[in-house]
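These protein sequence lines map, in sequence, to chains A and B.
Numbering-wise (the numbering used here), the first sequence opens with residue 1 and increments by one.
Numbering-wise (the numbering used here), the second sequence opens with residue 214 and increments by one.
No residue lacks a Cβ here, since even glycine has one placed at the ideal position from N, Cα and C.
All figures in this text were calculated on a predicted structure; none of them were measured in a lab.
Report on one structure; see the data block that follows.
There are 2 protein chains.
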Amino acid sequence: MARLAPSERIRDADRTRAELLAVATEVFATHGYSGARVDEIAERTSTTKRMIYYYFGGKEQLYLAVLEAAYRNIREAEQSINAGDLPPADAVRRIAELTFDHHHAHPEFIRLVSVENIHQAEHLQQVEHLRDLGAPAASLLEDVLARGREAGAFRTDVDAIDVHMLISAYCVFQVANSATFGFLFGRDMLADDVRRRHRAILGDAVVAWLTAR
Amino acid sequence: MARLAPSERIRDADRTRAELLAVATEVFATHGYSGARVDEIAERTSTTKRMIYYYFGGKEQLYLAVLEAAYRNIREAEQSINAGDLPPADAVRRIAELTFDHHHAHPEFIRLVSVENIHQAEHLQQVEHLRDLGAPAASLLEDVLARGREAGAFRTDVDAIDVHMLISAYCVFQVANSATFGFLFGRDMLADDVRRRHRAILGDAVVAWLTAR
DNA sequence: GAGTTAATGAACCAAACGGTACATAATTCG
DNA sequence: CGAATTATGTACCGTTTGGTTCATTAACTC
């Protein structure tokens, strides 16, 4: 008897799980952990609330799964950055710009990080194998920084985490605080022309900082 | 008959109101809007839940009052910054450092802003007279920027809001994302020595950026 | 194709939660 | 003082919410 292709099957654990995860990501990012409703997540899928408990165990475990998947995605994006053959200053600018683009492309991830910070990263700490997730981003910058220092082009009193933090801070702010900042200063942070301008500013600032004096 | 001093009175509308506001600020900043419990706020005060509804009308209006008070505080702090007699570069560095200090001194305000951003600033928009709250911070930088440009010391392709955004982004990130960033990179963002270092980095970066070329 | 297991759905439940009704005591004011 | 007003506490209510029970069907195994 011909087996149905996985995509045509009515019962498909992987699809159901993935759908719940995708919808849950959006709902948690929109309403926060407490504000997210299990019923709403279920309603937005083609399955029922029962499946959340069947596959994940409960609201909190679902949130943990969402967090883990989100961080796995960003790690992959970071590892795909390739700036090895550019002069140090250009390489740093390129890393900054790609980071900037990635943040704008995945606002739901940024919002999830905000949510997690409000809760003092208590859930993140439960996902053990996310511990040294910062390493890839740092080592990428480490290489470029070392090259710049050797060439005498970069200042020597900063490390890779310092640089990453300045870049992250700027990028995260653009997305995470666009609502309040946009309101208070009457600037639409997500408009295309504004975004291009801010992107250029980040590159200018980071390079100017590293090459100063 | 001798009237009791207000501070000794058992019934004191102002004190009750202020106490509720203070406790609510902390609870909303810790748990987010939905995560904050009206009962918890009441329990942490010397009064009862009933008073929240008597003075504010409900959970949402209490949150609005908290937001408004928090933003009023930061406006006052910004207006107290005085950098008029310093050379432009030193003045910008000073503004950046004072902003940095203020953020670290009021983490609950930063967290409240994060909460509000998760909700797309929908509550902030309801507090009408907070609309152009950004103006003071911008005009302070505007003056310094103008002086720097006239002296030929500063670049001319950025405005006050650009500068304020870079400073804000860095300062907000330090406080708002200290939990996740600290976890992923093993750096305690709130430790004294780390904080001093980050403070200096911000000044270096902003001045280098503005004076580049 | 019979038996077993994985996956799913509908209805239901107890606790938590925001909010209120009612009673009452402190304060003010004529 | 005594009436009117302001402030406060207790007990309770209806709804929402995360979670569960029980039954059932699709899919896989041999």
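Would the beta-carbon of residue i fall within 7 Å of that of residue j?
{"i": "Ala237/B", "j": "Leu275/B", "result": "yes"}
{"i": "Ala121/A", "j": "Thr393/B", "result": "yes"}
{"i": "Leu86/A", "j": "His123/A", "result": "no"}
{"i": "Ala208/A", "j": "Ala364/B", "result": "no"}
{"i": "Lys262/B", "j": "Val251/B", "result": "yes"}
{"i": "Ala215/A", "j": "Val206/A", "result": "Lying outside 1 to 213, the shown extent of chain A, residue 215/A is not represented and no answer is given."}
{"i": "Leu133/A", "j": "Tyr71/A", "result": "yes"}
For my contact list, residue i and residue j are in at a C-beta cut-off of 8 Å; report their separation, rounded to the angstrom.
{"i": "Ala89/A", "j": "Ala153/A", "result": "6 Å"}
{"i": "Ala296/B", "j": "Val357/B", "result": "6 Å"}
{"i": "Ala137/A", "j": "His164/A", "result": "6 Å"}
{"i": "Ser34/A", "j": "Ser391/B", "result": "Incorrect: roughly 21 Å between the Cβ atoms, too far for contact."}
{"i": "Arg155/A", "j": "Arg94/A", "result": "19 Å between Cβ atoms; not a contact."}
Could you check which residue in the options has the C-alpha nearest to that of residue i?
{"i": "Val328/B", "options": "Gly32/A, Ile10/A and Arg11/A", "result": "Gly32/A"}
{"i": "Asp227/B", "options": "Ile331/B, Tyr268/B and Glu239/B", "result": "Tyr268/B"}
{"i": "Leu210/A", "options": "Arg50/A, Asp12/A and Leu166/A", "result": "Leu166/A"}
{"i": "Phe241/B", "options": "Leu325/B, Leu353/B, Arg409/B and Arg410/B", "result": "Leu325/B"}
{"i": "Arg410/B", "options": "Arg195/A, Arg213/A and Ile161/A", "result": "Ile161/A"}
{"i": "Val92/A", "options": "Glu68/A, Arg149/A, Ile10/A and Ser46/A", "result": "Arg149/A"}
{"i": "Glu239/B", "options": "Tyr266/B, Ala282/B and Asp225/B", "result": "Ala282/B"}
{"i": "Ser259/B", "options": "Ile223/B, Gly271/B, Asn286/B and Glu273/B", "result": "Ile223/B"}
{"i": "His332/B", "options": "Arg368/B, Glu273/B, Arg426/B and Glu256/B", "result": "Glu273/B"}
{"i": "Ile323/B", "options": "Asn286/B, Tyr266/B and Ser352/B", "result": "Asn286/B"}
{"i": "Asp12/A", "options": "Glu43/A, Thr30/A, Met51/A and Asp188/A", "result": "Met51/A"}
{"i": "Asn117/A", "options": "Arg426/B, Ala425/B and Thr243/B", "result": "Thr243/B"}
Take every Cβ of the region 125-139 of chain A, pair it with every Cβ of the region 170-188 of chain A, and state whether three or more of those distances are shorter than 8 Å. no
Entirely enclosed alpha helix (DSSP H) segments - the region 78-110 of chain A, minimum 4 residues: 88-105
As an exercise, report each continuous alpha helix (DSSP H) stretch of at least 4 residues that is fully enclosed by the region 118-193 of chain A, in chain order. 135-150, 160-176 and 178-185
Please give me, in chain order, every unbroken run of the beta strand (DSSP E) with length at least 3 that falls completely inside the region 219-276 of chain B. none
Specify whether the region 306-318 of chain B and the region 227-235 of chain B touch according to this definition: at least 3 beta carbon pairs, one from each stretch, less than 8 Å apart. no
Taking contact to mean 3 or more Cβ pairs, one atom from each stretch, closer than 8 Å, check whether the region 68-84 of chain A and the region 104-118 of chain A are in contact. yes
Within the chosen definition, does the region 164-178 of chain A reach the region 199-206 of chain A through at least 3 CB pairs nearer than 8 Å? yes
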